[in-house]
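Have a look at the structure below before the remarks.
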Amino acid sequence: MDGPHVDQERVRCLDCGATYEKPSAGGTVSQNPGCPRCSYLGWVPVVKASPDGEPPRFGAGPLQLQHGLSR
146 MDGPHVDQER VRCLDCGATY EKPSAGGTVS QNPGCPRCSY LGWVPVVKAS
196 PDGEPPRFGA GPLQLQHGLS R
C-alpha cells in the first residue's frame, strides 16, 4: 500500500534556474532537500500563463511612496 498522497507544486531554483516539484506543505529537509541539480534551498513558484497567454497580474497596483510625514 502506498503512503499518504502529498500535494506537489512546481518551483524554480533561485540559483541555477532548474524547475522541479516540491511538497506544497513544506516539510523536513529529508522530504524537501532543495534543488536536485545544485542543492540550493531558495526557490520561487513557477507561475502559469493565463489562458490568453498574458502573464498573471498582481491584484494591487504599484506601491505608492509617501513623501514627508503626515501630522
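Residues 146 to 216 in the working numbering are what the sequence shown lists, from first letter to last. Every residue, glycine too, gets a C-beta built ideally from N, C-alpha and C.
Environment of residue i [buried if 16+ CB atoms lie within 10 Å]
i: Cys158; result: buried
i: Gly193; result: It should be noted that the sequence gives Lys, not Gly, for residue 193. Burial call: exposed.
i: Cys180; result: buried
Reduced DSSP category for residue i - H, G, I as helix; E, B as strand; rest coil
i: Tyr185; result: coil
i: Pro178; result: coil
N-terminal and C-terminal residue of the beta strand (DSSP E) that residue i is part of
i: Lys167; result: Thr164 to Pro168
i: Val156; result: Gln153 to Cys158
Given residue i as reference, the closest of the options once Cα atoms are compared
i: Arg155; options: Leu210, Glu166 and Tyr185; result: Glu166
i: Ser184; options: Ala170, Leu210 and Cys161; result: Cys161
i: Asp152; options: Ser169, Val189 and Thr164; result: Ser169
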